[in-house]
Amino acid sequence: MRFATWNVNSVKARLPRLLEWLDTTKPDVLCLQETKVAADGFPSDEVGELGYGVAAYGQGRWNGVAILSRVGLDDVRRGFPGEPGYPDPEARAIGAVCDGIRFISVYVPNGRTPDDPHYEYKLRWLAALRDALVPEVAAGPVVVTGDYNVAPTDDDVWDPAVFIGSTHVTPPERAALAAIRDVGLTDVVARPLKGDHPFTYWDYRAGMFHQNKGMRIDLVYASPAVAGRVTDAVVDREARKGKGPSDHAPIVVDLGD
DNA sequence: ATGCCCCACCCAGTGGGA
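And the structure:
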């Protein structure tokens, strides 16, 4: 099985790139984030022509997550028990069982700045996700993947000095990630196609991609039954090139039997 | 060259992203 995660930064703006990528990469399951579209506006027909079913959770202009699968989409769940809102619920998590594995596509709140109320919201959201994952990990194979908006270590940003005082690297955010791993999930670190760091995000501005000044903030957290099947994991930086890319690259993971 | 910000709102400039 091949699965992937991709923050597409608007599924409508990215549709030509998404369809081309699906046609060449052929993942069985794709977890999407920042679809930025209500569920009834999702381009289900277009991806359906490539053989994919869709489970989408969207709210319009902001956020939005989805799972595409050509190996089934069972027991779809939007959000999770105890998920906080700001104050209303936001479309940041969707789960479904595909070929025996529960995939959960997550778009963690950005946090903005450490003194912003959105930062505290981000920490509450991560803590609630951790609690909600305990029974999921006990229930069966699970993959929790998406845009976590946290760089797990200083090696996961292009220059730690630049990020002092910023979100994405603070000890409480990293502790929240560690607490999620501690429920029994492994960080499946992808290999980079270029350079030493498997960055997944590069700012559109100032030629950051071309200088490989990126961050590893898109993560694949897998339970032991899945992590033990991983034969390859790669950041597809080719998808960050060319005309009209997302600012995030997909991560593609292959599983053996 | 991989090549120097983009998205949705909806037409103009604004808020959000990380």
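full-length UniProt numbering applies: residue 1 is where the first sequence begins, and numbers increase by one. The beta carbon of each residue, even a glycine, is placed where N, CA and C say it ideally should be.
Reference residue i, options the options, closest by Cα
i	options	result
Y119	M215, P172, R205	P172
M1	G64, G100, T24	G100
D182	P192, S223, F103, W202	S223
L193	L219, T186, V234	V234
Cβ neighbour criterion (16 or more within 10 Å) applied to residue i
i	result
R61	exposed
E20	exposed
Q33	buried
E90	buried
V134	exposed
T200	buried
R70	buried
E136	buried
G95	buried
L68	buried
Backbone secondary structure at residue i - three-state DSSP
i	result
T24	helix
R229	coil
W125	helix
F103	strand
S69	strand
H197	coil
D254	strand
For residue j and residue i, believed in contact at Cβ under 8 angstroms, the rounded distance
i	j	result
P198	V188	Actually they do not touch by this definition, with Cβ atoms about 10 angstroms apart.
Item to complete: Could you tell me whether the segment 136 to 145 touches the segment 161 to 175, where touching means 3 or more Cβ pairs closer than 8 angstroms?
Response: no
Practice prompt. Inspect the CB distances between the segment 176 to 183 and the segment 160 to 167 and report whether three or more fall short of 8 angstroms.
Written response: no
Item to complete: Report yes or no: do three or more beta-carbon pairs, one from the segment 146 to 164 and one from the segment 212 to 220, lie closer than 8 angstroms?
Response: yes
Worksheet item: Using 8 angstroms as the threshold, is the segment 36 to 48 in touch with the segment 62 to 69, meaning 3 or more CB pairs across them?
Response: yes
Discussion item. Closer than 8 angstroms is the cut-off here; do at least three beta carbon pairs connect the segment 128 to 139 with the segment 200 to 214?
Written reply: no
Worksheet item: Are three or more beta carbon pairs between the segment 107 to 122 and the segment 147 to 155 nearer than 8 angstroms?
Response: yes
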